[in-house]
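Chains as they are written, first to last, in UniProt numbering: chain A, 1 to 432; chain B, 1 to 407.
Here is the structure we will look at, set down as C-alpha cells.
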Amino acid sequence: MSTAFSAANFSTQSFPLNHTSTTTHDSPLVFAKPTSQFLRSTPKLRLSSFSKLNLSRRSGTVVAVSDVVKQKKSKSTPTLLITKEEGLELYEDMVLGRAFEDMCAQMYYRGKMFGFVHLYNGQEAVSTGFIKLLKQQDSVVSTYRDHVHALSKGVPARAVMSELFGKTTGCCRGQGGSMHMFSREHNLLGGFAFIGEGIPIATGAAFTSKYKREVLKEADCDHVTLAFFGDGTCNNGQFFECLNMASLWKLPIVFVVENNLWAIGMSHLRATSDPQIYKKGPAFGMPGIHVDGMDVLKVREVAKEAIGRARRGEGPTLVECETYRFRGHSLADPDELRDPAEKAHYAARDPITALKKYLTENNLASESELKAIDKKIDEVVEDAVEFADESPVPPRSQLLENVFADPKGFGIGSDGRYRCEDPKFTQGTAHV
Amino acid sequence: MAAIFQGVGAAATLSSSPSNSFVPKKFLTSPRRSFCVPSSVVVRSDGSVNFDLNSKSRRAQQLVANAVATKADSSAASSSSNPGHELLLFEALREGLEEEMERDPCVCVMGEDVGHYGGSYKVTKDLAKKFGDLRVLDTPIAENSFTGMGIGAAMTGLRPVVEGMNMGFLLLAFNQISNNCGMLHYTSGGQFTIPIVIRGPGGVGRQLGAEHSQRLESYFQSIPGIQMVACSTPYNAKGLMKAAIRSENPVILFEHVLLYNLKERIPDEDYICNLEEAEMVRPGEHVTILTYSRMRYHVMQAAKTLVNKGYDPEVIDIRSLKPFDLYTIGNSVKKTHRVLIVEECMRTGGIGASLTAAITENFNDYLDAPIMCLSSQDVPTPYAGTLEEWTVVQPAQIVTAVEQLCQ
C-alpha cells in the first residue's frame, strides 16, 4: 500500500495513523513498540467528539514492518508486497467474504435463516490477511462472527450457506448454525457463542501441535493455530489465562484481536481500563503488535512474522488489528450508538476498495480482471444459495445421532440392551 | 455414629470395612432360606470361604460378617490361579492411568500439581518422572482455561485426563465442560470427538468446609453429551479409569476424598469396568438400595444391622450416574418392589431426584411403596464435626428407612 498508506504521507493528513517509534523492551522483537502517549489524553475523550477521539487514540501506535521498511526505501522504486497471483487471491477471498455476508443479510430478512447472525462486513482484511497464509493442517478458532473465517479457511460457500439455512448438507449437518461453524477437513475448530470460549480450545490445539512434535516425535509437525476474537473478549479471564499458558509453554499460536471498537453497544473505551490491547502481550512475555486491520497487506506482513514465529517454535504473539464492522453487531442490532462520522471514516477505508486501488495502481491487475472476479464470486454465492435452498432439512432420524461419539453413552435400557440399539434411536423418536 | 473411615492422607488400611474381596460367580447362587434366616457368604482374600447359613444362632455372637461384593464383569475371577495384588484406591487409579499411558502415547494428564507434586491425592505420583513434563502437565491455576485446553487437545487428537484438584474447583470450568465438552460433538455435526476424562475428588470429607465438600454430579448431570461415573472400590476405580480413558465420549469420573485409602486385592491382568453398568454389591430379596461412592459403605454398614434384624437388602452401587443402568436397577425393582436411594447429593436436584424420576417412569407398576430417597440436607456443609455428620446420611437413618419401607 505504498501510495495510499505510507507513513511519508501521514504528516499531511489529519489523522496521524502511523507513528513509529522504537523503544527497547525485554523480548527481542522485530516490531517497534510505542511510547505511551495515549494515556495522557484519556480523560479528555468524548464519544461525540470524533476527531479528538481519533487523534488521541491513534497517537503512539505501531505500524507494520512494511511501513517502517518503506520509509527507508526511496519512493521512486516502490517495492511491491505481493505478486499478481497473491493479489488476486486476496482480492477474491475478500470479495467472497463481503458478497457472502451481504447475501446472508438478504436471506435473513427473507426468512431463510434465523437466530443470531453476526456479519463480518468491513473486517475482511483480517481474515484474509491471516488465514490465506495458513496450510490446511493449521487450525483456526473463531467466535460467533465466523462465516468469513470459515470461507477463508476453505470451507465451501455451499456448506456454510446450507448450515445457515439449517439444512442437513451444512458443514455441521445443520446442527451448529451461524455461530458454530466447524470443519474437520479444513481444521476450523469453531464457531463459539460465548466470547472467550474458543481461546482455550485454540490453546489446546496449539498444545497438541507441540505434543506431537515433542512427545510423539513427529519432528516435522509445525502446525500453527490462530485464535480470532474481539475487543470485548480482551477483558475476559480466559484471554489472560491463555496468554499466560501459551507463553509459558511457548505454544505455536497467534492471538488475533479484531478490535472493532464495539462489543454490541459497549464501546471498547468505556469497558477497558487500558484500551491498548497489544500492550497486554509483553505483560505475559510475548510480543504485542498493533496493526491497521483495514489494510490487508499490512495485516499480511504482520501475520507472516507472527505465524513464522509460531512455526519456528518461538512461541505466541498477540496481534491487535484495528478494524471496524460496517454493520451492526448482529442482524438484530439497530446500531444506534455508533457515531455516523466514525462509520463514514471507516467506510472510506474499505479494505476491498483499498486493495483494488493498490492492484490497479501498481499494474498488478486490470479493472476487467477484478470485475471478472466480482462476477465469479456473485455466481458462487448465488450457487450457494440455490444449493442451500434445494437441500433437504434434517430428518427426525438425525436428532440423536451425534449426541455421543460412542452411542453406548445413552446407557442400558430396562430390557438389558443398549438403548442405542432400540430402533427408536435411529428414527430419532426415542426419548432421552 | 462414628464414620468408618480414617482421615484423609492417613495411610491406615481399613481392615474393619466391608470386605471388598470378590466372589466367584458360583457362590452367588447359594440358596436363600426364609425371611428370618438369611444366609451370607464370606470370601476372604486368601480364597477361603465360610458359609453362614444360620444367622439366628450367630446373632447372639458377632455381627454377621461382610456382605458380598461381586464383580459382574470378571468372568475369570483370579481366585486360585492368580492371587492378584493388594493396593489402595488411589494407587489403583494411578495404576489404571499408568497402564493407559503406556498403552497409548496420546494419553496425557493436565491439572494443578499433577506433575512434580504427584497429585494432591497422589494419584499421579511419579508419572511425570516416567512420562515427562509435557505428558503430565502442571498447569497454572486456571481451571476454565486448562479444561478448555484439554478439550481443544482432545478435538485435535490427544486423549487428555484433566484433574480437578478438588471437584469443586471444576465449577470454574463449568463453561467449558457444559458448552464445549458436552456439546461440541453435536454442534460440529459429529466432526470432532472429545475423548476427554475429567476426574477429581469430591464429596463430603472430614471437616473440609463447605466449598471443599461439594457434590458436582448434581450440577453436571443435565449436560447433554457427557457420561458420569463414580468409583467406590479399588477394583472399579481402576476399571472405570481405564474404561473412561478408552471411551470416545467425554467422561467425568467422580472420586471421593474419603475413599482414597480403601484397600483391596485386585487382579493382575488387564480389565476394565463397563462405564454404563451398575454393580451388584449384595443380592437380596426385600428391598433395593441404590447408592454410589461413599454412601455405599454407609449402606453396607447399615446392611449388617439390617441383616441381623432379619432383613435381606439388595444393594446396588449404581456407578454410572449418567446414564443410569436401568437393566440392573429394573431387575432389582421387579424382584423386591421396594426402593431406597441413598446418596450424598443434596436433596434438591441431586442424582437421587433424577433416579427417583427414572424409576417411577419406567417401573411404577412394580413398586409396592413410594420410592424413598435419603440425601444430604440442602445445607452448605458445616465445618463443625457434629454438624457435618448430620448433613450427611448416616447408617442409622438407612436402617430406619428400610424398616419403614418394609412395613
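Glycine residues also receive a C-beta, built at the ideal position from the N, C-alpha and C atoms.
| Check | Outcome |
| --- | --- |
| At what residues does the beta strand (DSSP E) containing residue 272 of chain B begin and finish? | Segment: none, residue 272 of chain B is in no beta strand (DSSP E) and carries neither H nor E. |
| So what's residue 426 of chain A in DSSP terms, helix, strand or just coil? | helix |
| Strictly below 7 Å CB to CB, what residues from chain B border residue 416 of chain A? | 327 |
| Would residue 319 of chain B pass as an interface residue toward chain A - the criterion being a Cβ-Cβ separation below 8 Å? | no |
| Can you tell me which of the three DSSP states residue 144 of chain B falls into? | helix |
| Does DSSP classify residue 160 of chain B as helix, strand or coil? | strand |
| Could you tell me the boundaries of the beta strand (DSSP E) in which residue 90 of chain A lies? | Residue 90 of chain A -> not in any beta strand (DSSP E); alpha helix (DSSP H) instead, spanning 84-109. |
| Is there at least one Cβ from chain A nearer than 8 Å to residue 135 of chain B's Cβ? | yes |
| Within its chain, find whatever has a CB closer than 8 Å to the CB of residue 248 of chain B; leave out the 5 residues flanking it on each side and keep chain order. | 193, 195 |
| Any idea what DSSP makes of residue 230 of chain A, helix, strand or coil? | strand |
| DSSP on residue 360 of chain A, reduced to helix/strand/coil? | helix |
| Assuming residue 157 of chain A and residue 96 of chain A are in contact, meaning their beta carbons sit under 8 Å apart, how far apart are those beta carbons, in whole angstroms? | 7 Å |
| Identify the contact partners of residue 132 of chain B in chain A, using a Cβ-Cβ distance below 8 Å as the criterion. | 215 |
| Between which two residues does the beta strand (DSSP E) holding residue 317 of chain A run? | 317-322 |
| By the three-class DSSP mapping on this structure, what secondary structure does residue 189 of chain B have? | coil |
| Counting only runs of 3+ residues fully inside the region 284-360 of chain A, write out the beta strand (DSSP E) ranges in chain order. | 288-292, 317-322 |
| By a C-beta neighbour count over all protein chains shown, 10 Å radius and 16 as the cutoff for buried, is residue 212 of chain A buried or exposed? | buried |
| Would you check if there are 3 or more beta carbon pairs closer than 8 Å linking the region 405-413 of chain A to the region 180-189 of chain A? | no |
| Quick check for students: name the residue ranges of the beta strand (DSSP E) that lie wholly in the region 130-162 of chain A, counting only runs of 3 or more. | 139-141 |
| Could you tell me whether any Cβ in chain B is nearer than 8 Å to the Cβ of residue 408 of chain A? | yes |
| Consult DSSP for residue 395 of chain B and reduce its assignment to one of helix, strand or coil. | helix |
| How many Å lie between residue 301 of chain A and residue 119 of chain A at the Cα? | 25 Å |
| Just tell me which of B/175, B/187, B/326, B/168 has its CA closest to the CA of residue 168 of chain A. | B/187 |
| So, for residue 96 of chain B: in the same chain, excluding its five sequence neighbours on each side, which residues have a beta-carbon less than 6 Å away from its beta-carbon? | 238, 241, 242 |
| Where does residue 405 of chain B fall in DSSP's three states? | helix |
| Could you give the DSSP three-state label for residue 264 of chain B: helix, strand or coil? | strand |
| So, is the C-beta of residue 106 of chain A closer than 8 Å to a C-beta in chain B? | no |
| Which residue from B/189, B/137, B/198 puts its Cα closest to that of residue 177 of chain B? | B/198 |
| DSSP on residue 114 of chain B, reduced to helix/strand/coil? | coil |
| Please classify residue 79 of chain A as buried or exposed, where buried requires at least 16 neighbouring CB atoms within 10 angstroms. | exposed |
| Since residue 137 of chain B and residue 106 of chain B should fall inside the 8 Å C-beta cutoff, what is the C-beta to C-beta distance between them, to a whole number of angstroms? | Not really, about 14 Å apart at Cβ, beyond 8 Å. |
| List the residues of chain B whose Cβ lies closer than 7 Å to the Cβ of residue 208 of chain A, in chain order. | 153, 156, 157, 158 |
| Which of the three DSSP states, helix, strand or coil, is assigned to residue 240 of chain A? | helix |
| Is any beta-carbon of chain A found at less than 8 Å from that of residue 108 of chain B? | yes |
| For a test of the three-state rule: what should DSSP assign to residue 214 of chain B, helix, strand or coil? | coil |
| So the candidates are B/316, B/252, B/379; which of them puts its Cα closest to the Cα of residue 226 of chain B? | B/252 |
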